[in-house]
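K.L.:
Below are the structure tokens for one structure; questions will follow.
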Amino acid sequence: MGREGVPLIVIQRQLGHTNLGITSIYLQGIDSTEIFDTVHARRAAMIPVEATLGL
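Just so you know, we're using UniProt numbering here: the sequence shown kicks off at 1 and counts up by one.
In structure tokens:
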């Protein structure tokens, strides 16, 4: 993803890291196939309806 121009902050969110530095370190040593597998294996984040409607 990094080689494809995806911003580091987007990759950070997809991997669930709270620290951007951790994401940067991971990207230096992880094979891109492993990153794709990790992202695809994650469940999509669910936002409660109440949060989006302001209830």
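Ideal Cβ placement from N, Cα and C applies to all residues, glycine included. Fair warning: this is a prediction, and the values are worked out from it, not measured in the lab.
How about L15 and I35: are their beta carbons less than 9 Å apart?
P.N.:
Stepping through the sequence shown from its first residue, residue 15 is reached at position 15. Stepping through the sequence shown from its first residue, residue 35 is reached at position 35. Cβ distance < 9 Å, so L15 and I35 count as in contact.
K.L.:
Could you check if Q12 is buried or exposed, using at least 16 other CB atoms within 10 Å of its CB as the buried criterion?
P.N.:
Residue numbering aside, residue 12 sits at position 12 when the sequence shown is read from its first letter. Q12 is buried by the Cβ-count criterion.
K.L.:
Just verifying my parser: in three-state terms, what is the DSSP assignment at G29?
P.N.:
Numbered from its first residue, the sequence shown carries residue 29 at position 29. Three-state result, G29: helix.
K.L.:
By Cβ distance, which residues of its chain are closer than 8 Å to S24, with the 5 residues on each side in sequence left out?
P.N.:
As a first step, residue 24 must be located in the sequence shown, where it is residue number 24. Cβ neighbours of S24 beyond the five flanking positions: L8.
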